[in-house]
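Residue 1 is where the sequence shown starts when you use full-length UniProt numbering, and the numbers rise one by one after that.
In this text, a Cβ means the ideal position worked out from N, Cα and C, and glycines have one as well.
Predicted model, so just to flag it, every value in this text is computed and none were measured.
First the structure, in the form of structure tokens, and then the observations on it.
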Amino acid sequence: MPSTFTDPAGVARDEPLYTVVHNDKKRVAYFYDSDIGNYAYVTGHPMKPHRIRLAHSLVMNYNVYKFLEVYRAKPAVTAEMTQFHTDEYIEFLQKVTPDNMDGFMREQGKYNVGDDCPVFDGLFEFCGISAGGSMEGAARLNRDKCDIAINWAGGLHHAKKSEASGFCYVNDIVLAILELLRFKKRVLYVDIDVHHGDGVEEAFYTTDRVMTVSFHKYGEYFPGTGELRDIGIGSGKNYAVNFPLRDGIDDNTYSSIFQPVISAVMQYFQPEAVVLQCGGDSLSGDRLGCFNLSMRGHANCVNYVRSFGLPTLVLGGGGYTMRNVARTWAYETGRLVGVEMNPVLPYNEYYDYYGPDYELDVRSSNMENANSPEYLEKIKISVIENLKKTAPVPSVQMQDVPRQGFGMSDEQEDELDDMDEDENKDVRRTQRQWEKERARQDEFEESDDEDMAQANGVFKPDGPQRRSILDFKNPKAVEDMDLDIGEPAPPSIAATAAAAAAPAAPAKPAEPVAVDNDETMIDDDEAQPAAAEAPVEAPAAAEAAAPVQPEASSAAKVDEDGDVDMGEADDKPAEPEAEIKTEEVETAAAPEPETEPKSTPAVPAAAAAAAAAAAPTTEPTAEAAPASPKATSPKPASPVPEAHTEAAVAVAEEPAKAPEEASDKAPATAADDKEKEADKPQE
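Structure follows, in structure tokens:
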């Protein structure tokens, strides 16, 4: 059951982005140059290369790129363009710019550069990108590196040998067909643009190795060519097929003529490769078009040509309503790889272009169809009769493959792959590897690099992420203590039973709660100097802290002479008189050195005066002398291991012990005075 989540636009995504329709494992090469969208003709011109960037964004965010081998073709150079165009014309395109165009007024008139085909910044570079993708796609088809090649930046079918026409400067289609003819005997060219493909037909009007088939609007319409009787001359007679149409043709009518004609062409011509020009100006609602095709009606033509299984080069062309052209080309890219895309558009950086419906669809309008069934049937019969005159299939004389082919050779690609690996040794998947990788349609779940996809314009939806091992927990398990929060774990059943069975332990004095150890902890090296500087009040603090351990000697039996009988300690309880001796053992324990000096409790004035009279000197060593035997006596184990904890216990108990200590010291001082007076000689 699909998971429900919303994309960044707030649209609920209950269904997958695409559904696999064909699993024939066709290898599809996709050519795209990110710079193509940076070029613009002039202000107000209907031709907008930015539409290619919109289509690419949809291809990426529909995740169709996973089934493509994405390439950025090398732009065509002058030597490659002059395989068809004249040297003077290409040299003019290379030199002219908006800044110096006034100095080329004569050339502009000669080469028809001006109104429909204006001079703009980066004109020659734009032509190089368009032609380079088509030529590289044809080269890969020749080398059997792919089954289908796509270049939506190509399809500029109006350009002539030494003339620009219809927004087209360099005829990339003719250059691609010339490359295919190096290995293929016969090449079929199919044009579904609303305008007649006059530039391609003119280039191959006299040869029988290329058949041009064009379905277009005819009659007071640009370019004014493409009449039914234009069938070619010389060796190329009957190898130019033109199907003139009228305004308002819809999906059903278009399909009723397209499929029979293409089927007859495949039967009589038997091409070895197909070039398909998918001009988007035949869609309904185009700024310059007058047909009434929907997106799916347009894509059905692409899907029908694909069904023949021939090496196919798919190109763009016209189309002047950007949002419709982008949706159609993205949808046709999905059909070429064998998937049906969800009608709800995924969020992308150009999402606002597709409002208000935000759907992957271009609908037909209620435009009147001027093509009557009788008219279409008459034209169809005439076209098929002309195709029958082409039989038998034209033969091609055996000869050497001419010149060096376009595009990169296998050795050059291997060198680039090795260089890419050497420059990115620590990268798991490089940009080049990511672009060339194709997902299998029969995989249960494809692997993906989300970071790499986001870097290439794929927006990450706000949906469920890939599940980790932490998502599968035992709901009946007892949680451990969270170290970050410090919450104790609930007691287990075994621990609770053991606590109930254990005898009650003697009550111990309440210990103060220790504060954060990070602030008060003192290392052993720091504790030694603190012990040396301990004040004389340490014995008093030790006496206050010593009673914390009554168990250390309560179990041992003490004889009358003070010896401890360890053998009888476990069998017999301690006698009452042992309590007096036990107190002496306890007081003999050496105190733990304090880390900080503590203030001594208040002593009565009489006791202080008696102590001052008994002491012959005020040095600290005289007062510390009685504590030396206690310091050397064995020290019992203390339950509070830290020095600062004993000091805290002493501070907590000093207020309660202060009156008792004062009363103990006062009689002792009076007894010492009497002994000293008895030792004095009598006068």
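Asked, Found
"Whole beta strand (DSSP E) runs in the stretch 59 to 128 with 3 or more residues, listed along the chain?", "69 to 71"
"Can you round the beta-carbon distance between Ser-372 and Asp-251 to whole angstroms, since I take them to be within the 8 Å contact cut?", "About 17 Å; that fails the 8 Å criterion."
"Determine contact between the stretch 326 to 339 and the stretch 56 to 68, defined as no fewer than three beta-carbon pairs at a distance below 8 Å.", "yes"
"Please confirm whether Leu-175 and Ala-273 have their CB atoms less than 9 Å apart.", "no"
"For Leu-93, I'd like the list of residues in its chain whose CB is within less than 7 Å of its CB, leaving aside the five on either flank, ordered along the chain.", "Leu-123, Phe-124, Cys-127 and Tyr-169"
"Applying the criterion that 16 or more other CB atoms from any shown protein chain within 10 Å of the CB defines a buried residue, is Phe-269 buried or exposed?", "buried"
"Out of Met-101, Gly-137 and Asp-115, which one is the CA nearest neighbour of Tyr-71?", "Gly-137"
"Could you say if the stretch 233 to 245 and the stretch 376 to 383 meet the contact criterion of at least three C-beta pairs nearer than 8 Å?", "yes"
"What are the uninterrupted segments assigned as beta strand (DSSP E) that are 3 or more residues long and contained completely in the stretch 306 to 367, given in chain order?", "312 to 315 and 339 to 341"
"Would you grab the beta carbon distance between Ser-282 and Val-344 for me? Rounded to a whole angstrom, and I think it's under 8 Å.", "That pair is no contact at about 25 Å."
"Would you check if the stretch 282 to 299 and the stretch 315 to 325 touch, i.e. whether three or more CB-CB distances between them fall below 8 Å?", "yes"
"Using C-beta distances below 6 Å, list every residue in its chain close to His-22, excluding the 5 sequence neighbours before and after it, in chain order.", "Gly-338"
"With a Cβ-Cβ cutoff of 9 Å, do Val-187 and Ala-264 count as a contact?", "no"
"Taking the CB atoms as reference points, tell me whether Glu-69 and Cys-146 lie closer together than 9 Å.", "yes"
"Taking the alpha carbon of Pro-311 as the reference point, which residue from Val-28, Glu-415, Ala-55 and Tyr-354 has its own alpha carbon closest?", "Val-28"
"Are the stretch 221 to 233 and the stretch 346 to 357 touching, with three or more C-beta to C-beta distances below 8 Å?", "no"
"With DSSP as the reference, label Lys-160 as helix, strand or coil.", "strand"
"Suppose you measure from the CA of Gln-278 to the CA of Phe-120; what does that come to, to the nearest Å?", "Inspection of the sequence shows that residue 278 is occupied by Cys rather than by Gln. So the alpha carbons of these two residues sit roughly 25 Å apart."
"Please classify residue 686 as buried or exposed, where buried requires at least 16 other C-beta atoms within 10 Å of its C-beta.", "Since the first and last residues shown for the chain are 1 and 683, residue 686 lies out of range."
"Please state if the CB of Gly-226 and the CB of Tyr-239 are separated by a distance shorter than 9 Å.", "no"
"Could you check if Lys-184 is buried or exposed, using at least 16 other CB atoms within 10 Å of its CB as the buried criterion?", "buried"
"What residues in its chain sit with their C-beta under 6 Å from that of Gly-236, if we drop five residues either side in the sequence?", "Tyr-205, Thr-206, Thr-207 and Asp-208"
"Where does Ala-545 sit, in a helix, a strand or coil, going by DSSP?", "For Ala-545, the pLDDT reaches just 44, beneath the cut-off of 50, and the residue's location in the model is therefore unreliable, although a value from the coordinates is still provided. Of the three classes helix, strand and coil, the one that applies to Ala-545 here is helix, per DSSP."
"Note down the Cα distance separating Met-135 from Leu-276, rounded to an integer number of angstroms.", "14 Å"
"Hey, would you say the C-beta of Ile-173 is under 8 Å away from at least one heavy atom of the ligand ATP?", "Of the ligands one can find in the structure shown there are none, so the ligand ATP has no counterpart to examine."
"One question on the structure: do Met-295 and Thr-328 come within less than 9 Å of each other, judged by their Cβ atoms?", "yes"
"In angstroms, rounded to a whole number, what distance separates the CA positions of Trp-152 and Tyr-32?", "8 Å"
"With a threshold of 6 Å on Cβ separation, who are the neighbours of Met-47 within its own chain once the five nearest residues in sequence on each side are excluded?", "Tyr-41 and Phe-167"
"By the three-class DSSP mapping on this structure, what secondary structure does Gln-270 have?", "coil"
"Tell me, to the nearest whole angstrom, how far the beta carbon of Glu-163 is from that of Asn-112; I am working on the premise that it is less than 8 Å.", "5 Å"
"Span of the beta strand (DSSP E) holding Asp-191?", "187 to 191"
"Assuming contact is defined by CB atoms lying nearer than 9 Å, are Cys-173 and Leu-156 in contact in what I supplied?", "Per the sequence presented here, residue 173 reads as Ile, with Cys not at that position. Yes, these two residues count as a Cβ contact at 9 Å."
"So, for Thr-86: in the same chain, excluding its five sequence neighbours on each side, which residues have a beta-carbon less than 7 Å away from its beta-carbon?", "Lys-161 and Ser-162"
"Could you pull out every residue in the same chain whose Cβ sits closer than 8 Å to the Cβ of Cys-290, ignoring the five residues on either side in sequence?", "Val-194, Lys-217, Tyr-221, Asp-247 and Gly-248"
"Go ahead and pull the three-state DSSP assignment for Ala-647.", "Below a pLDDT of 50, predicted positions are generally treated as unreliable, and Ala-647, at 47, falls in that range; the measurement from the model is reported next regardless. Looking at Ala-647 - three-state DSSP - the assignment turns out to be helix."
"Please identify the residue among Met-101, Thr-253 and Ala-73 whose C-alpha is closest to the C-alpha of Ala-149.", "Ala-73"
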